[in-house]
Amino acid sequence: MKPDSEQLAYLKEMAIAAASHSYSPYSKFRVGAAVMGDSGQAYSACNVENASFGLTQCAERAALTAAISAGESPGSMPYLVLYIPGQQAHPPCGACRQVMRELMSRDSVVYSFCDSDDMRSWSASDYLPDPFMPENLTG
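For the sequence shown, the numbering used here assigns the number 6 to the initial residue and increments by one for each residue that follows.
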């Protein structure tokens, strides 16, 4: 599923705004994310680091959590946009890929933008081809 250019531009703007609020004093790696819910509502978030590094919250997971908290159904979100300042578009981390694969739609697409014209995108089967899913828990 692909967003139209207007939706993609809107999500990119939201992700850029979210990145400006990033709390990243340790890595200096600001990240903003925006996810489109199946309802058409958009949700954004930034990364928030912690001196206990394992407690850091990634922007992607924070945006998905905001969407779920607002009532979006797990497995229904069609696309997510990342923005990371700089000249290179970056992929999401492994933990985010696992969470995205469960909470986003099975045909979801993730887009990554930066300050240059560099843009990358991945389908769900590209960003995590063999996910551990809820049905794996039932054996």
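Glycine included, C-beta positions come from ideal geometry on N, C-alpha and C.
- Sixteen is the threshold: since fewer than 16 other Cβ atoms of the shown chains lie within 10 Å of the Cβ of glycine 76, the residue is exposed.
- Counting C-beta pairs with one atom in each stretch, the region 116–123 and the region 58–72 have fewer than three that are closer than 8 Å, which means they do not touch.
- C-alpha of phenylalanine 34 to C-alpha of aspartate 123: approximately 17 Å in a straight line.
- Taking every protein chain shown into account, the CB of asparagine 52 has 16 or more other CB atoms within 10 angstroms, so this residue is buried.
- Ranked by Cα distance from alanine 20, the first of Ser44, Tyr84, Tyr132 and Phe58 is Tyr84.
- Rounded to the nearest whole angstrom, the CA to CA distance from tyrosine 31 to glycine 80 is 33 Å.
- Look at methionine 138 here: in three-state DSSP terms it is coil, with no helix or strand label.
- Counting the other Cβ atoms within 10 Å of the Cβ of alanine 14 gives fewer than 16, which makes it exposed.
- Apart from the 5 residues on each side of it in sequence, glycine 91 sits with its Cβ closer than 7 Å to the Cβ of Cys119 and Asp120 in its chain, given in chain order.
- Excluding residues up to 5 positions away in sequence, Val53 and Glu54 lie with their Cβ nearer than 7 Å to the Cβ of tyrosine 28 in the same chain.
- In the DSSP secondary-structure assignment, alanine 38 is bridged to Ala50 and Leu87.
- Just measuring C-alpha positions, the residue of Leu60, Thr143, Pro96 and Ala71 sitting nearest alanine 129 is Pro96.
- For the region 95–127, the continuous alpha helix (DSSP H) assignments of 4+ residues that do not extend past its boundaries occur at 99–108, in sequence order.
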